[in-house]
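Peer 1: Under our numbering, the first residue of the sequence shown is numbered 154, with each subsequent residue one higher.
Beta carbons are placed, not taken as given, at the ideal position from N, Cα and C, and that holds for glycine.
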Amino acid sequence: MAVSSMNENGIKNRNYYAAGVPGSFYGRLFPEASLRFVHCSYAIQWLSEAPKELMNKSSPAWNKSRIHYANSGDEVVRAYKAQYHKDIEQFLHARAQEIVCGGLMVLIFPGVPNGTHHSQSLPSMSLELLGSCLMDMARKGIVSEEKVDTLNIPIYGMSPQELKEAVEGNGSFSIEIMEELPPTIPDHAVSGGQSKIDTQAFVCHMRAGLEGLFKNHFGERILDVLFESYKSKIEENSSIFMSGKAVNSFVLLKRKLSTSKLA
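1. Please specify which runs of the beta strand (DSSP E), each continuous and at least 3 residues long, are wholly inside the stretch 179-246, giving them in chain order.
2. Which of helix, strand or coil does DSSP assign to G322?
3. Beta strand (DSSP E) containing I252: first to last residue?
4. Please name the residue in L376, K239, V378 and I197 whose C-alpha comes closest to that of G322.
5. The alpha helix (DSSP H) spanning N369 covers which residue range?
6. Could you check which residue in F371, E206 and G284 has the C-alpha nearest to that of K386?
7. Using the C-alpha atoms, what's the distance from T303 back to K398?
8. Over the uninterrupted beta strand (DSSP E) stretch that includes S402, give me the two end residues.
9. To which residues of the same chain is E176 closer than 7 Å at the C-beta, ignoring the five residues directly before and after it?
10. Would DSSP call L304 helix, strand or coil?
11. Sorted by chain position, which residues of the same chain lie with C-beta nearer than 8 Å to N209's C-beta, five sequence neighbours on each side aside?
12. Give the secondary structure of I375 by DSSP, where H, G and I count as helix, E and B as strand, and everything else as coil.
13. So the candidates are V404, F178, S212 and S187; which of them puts its Cα closest to the Cα of L200?
14. Using a Cβ-Cβ cutoff of less than 6 Å, which residues in the same chain neighbour E333 once the five nearest sequence positions on both sides are dropped?
15. How do the stretch 211-230 and the stretch 360-380 stand: do at least 3 beta-carbon pairs fall below 8 Å, yes or no?
16. Exposed or buried, which one is L260 when buried takes at least 16 other CB atoms within 10 Å?
17. E332 bridges to which residues according to DSSP?
18. The alpha helix (DSSP H) that contains A291, what's its start and end?
19. To the nearest angstrom, how far is the alpha carbon of S411 from that of I328?
20. Leaving out five residues on either side along the sequence, give the residues of the same chain with a beta carbon under 6 Å from the beta carbon of G362.
21. Between which residues of its own chain and V356 is the CB-CB distance below 8 Å, once the five residues before and five after are set aside?
22. S312 by DSSP, collapsed to three states: which one?
23. Does DSSP classify S327 as helix, strand or coil?
24. Can you give me the Cβ contacts of M288 inside the same chain, cut-off strictly under 7 Å, excluding the 5 residues immediately before and after it?
25. Compute the Euclidean distance between the alpha carbons of N224 and G256, then round it to the nearest angstrom.
26. With DSSP as the reference, label Y383 as helix, strand or coil.
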């Protein structure tokens with residue numbers, strides 16, 4: 154609620170507190186039935202961890218030379234999906250314990266339209282191209298290929314239907330609203346009557362979200378080179394990027410009335 158709204162509603166004299174709690178949101182963070190409203194924005198696309206199978210050289214899901222499941226084998230895709238299903242169930246179960254009956258939860262997340270193959274999604278295409286930049290750097294000796302092999306971005310691009318199925322499978326929430334939102338960044342600009350990708354805005358968006366992960370894995374010195382290379386590759390492949398599919402979803406969930414206590 155904005156301060157101006159608080160003033161208008163005559164509640165400016167109340168005390169308001171902010172608090173931070175340690176831990177992952179894929180587990181319990183707050184006491185049972187202590188929350189009336191939860192807002193989760195651009196977070197649940199992040200997995201709790203990259204699937205462990207991707208790091209096992211003897212596993213069919215060994216994801217050599219790639220940092221994501223885009224254009225990887227079926228075993229890699231299945232490993233990511235399995236991790237997503239595990240995580241989203243834990244997330245919903247934890248929130249169901251924390252939210253009072255009748256309480257609300259807003260989820261805003263980026264993903265892919267229903268029925269879209271992962272190779273055609275803009276998020277997957279974006280990470281695939283970023284991975285190719287890292288492999289170029291490995292061939293030049295800037296980073297080691299082994300370092301690239303051991304990086305798997307823990308992001309899953311879910312569809313609205315996948316989230317709907319997860320909510321229904323959990324059974325603790327009803328879906329009150331589910332709708333698409335406009336893009337959050339100027340991914341596309343119009344120039345000369347034709348739409349094109351806004352490369353600089355897109356690269357800044359990706360760097361803001363991923364820089365910390367890359368810095369921890371490779372060190373800080375490669376970051377500028379990596380994202381400059383990424384910018385060049387996007388410009389070279391802008392027509393492919395324009396065909397990528399993506400969707401931002403807004404979902405309002407309501408905690409169902411329940412006579413049973415969640416374990």
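Peer 2: The structure says:
1. 188-194
2. Position 169 of the sequence shown, counting from 1, holds the residue named residue 322. Looking at G322 - three-state DSSP - the assignment turns out to be helix.
3. For the purposes of this step, residue 252 is taken as residue 99 along the sequence shown, with counting starting at 1. Here the beta strand (DSSP E) through I252 covers I252 to G264.
4. Mapped onto the sequence shown, residue 322 falls at position 169. Of the candidates L376, K239, V378 and I197, the one whose C-alpha sits nearest the C-alpha of G322 is K239.
5. Taking the first residue of the sequence shown as position 1, residue 369 is located at position 216. Looking at the DSSP string, the run of the alpha helix (DSSP H) that includes N369 is T352 to F371.
6. The residue given as residue 386 occupies position 233 in the sequence shown. For K386, the nearest C-alpha among the options comes from G284.
7. By 1-based counting over the sequence shown, the position of residue 398 is 245. By 1-based counting over the sequence shown, the position of residue 303 is 150. Near 28 Å, if we compare the C-alpha coordinates of T303 and K398.
8. The sequence position of residue 402 within the sequence shown is 249, counting from 1. Its beta strand (DSSP E) spans residues V400 to R408.
9. Taking the sequence shown and counting its residues from 1, the one referred to as residue 176 is at position 23. Note that residue 176 is Gly in the sequence shown, not Glu. If we look at G176 and ignore the five residues flanking it on each side, its Cβ neighbours are L182.
10. Counting from one through the sequence shown, the residue named residue 304 turns up at place 151. The answer is coil: DSSP assigns L304 none of H, G, I, E or B.
11. Within the sequence shown, residue 209 is the residue found at index 56, counting from 1. Answer for N209: W215, listed in chain order.
12. Counted from its first residue, the sequence shown places residue 375 at position 222. It is helical.
13. Numbered from its first residue, the sequence shown carries residue 200 at position 47. Checked all of V404, F178, S212 and S187; the closest Cα to L200 is F178.
14. In the sequence shown, counting from the first residue as 1, residue 333 sits at position 180. Closer than 6 Å at Cβ, skipping near neighbours: V400.
15. no
16. Working through the sequence shown from its first residue, we reach residue 260 at position 107. Looking at its Cβ environment, which holds 16 or more other Cβ atoms inside 10 Å, L260 is buried.
17. Here residue 332 corresponds to residue number 179 of the sequence shown, with the count starting at 1. Per DSSP, F403.
18. Your numbering for residue 291 matches position 138 in the sequence shown. Per DSSP, A291 belongs to the alpha helix (DSSP H) from L275 to R292.
19. By one-based count along the sequence shown, residue 411 stands at place 258. By one-based count along the sequence shown, residue 328 stands at place 175. Going by the C-alpha atoms only, they are around 16 Å apart.
20. Reading the sequence shown from its first residue, position 209 is the one you call residue 362. Closer than 6 Å at Cβ, skipping near neighbours: no residue.
21. Taking the sequence shown and counting its residues from 1, the one referred to as residue 356 is at position 203. Result list for V356: F380, Y383, K384 and I387, in chain order.
22. As a first step, residue 312 is located in the sequence shown; it is residue number 159 there, counting from the start. Coil.
23. Along the sequence shown, one-based indexing puts residue 327 at 174. DSSP places S327 in strand when its eight states are reduced to three.
24. The sequence position of residue 288 within the sequence shown is 135, counting from 1. Closer than 7 Å at the Cβ level, and outside the excluded window around M288, lie S218 and V301.
25. Translated into the one-based positions of the sequence shown, residue 224 becomes position 71. Translated into the one-based positions of the sequence shown, residue 256 becomes position 103. If you take the alpha carbons of N224 and G256, they lie about 40 Å apart.
26. Stepping through the sequence shown from its first residue, residue 383 is reached at position 230. Three-state DSSP puts Y383 in a helix.
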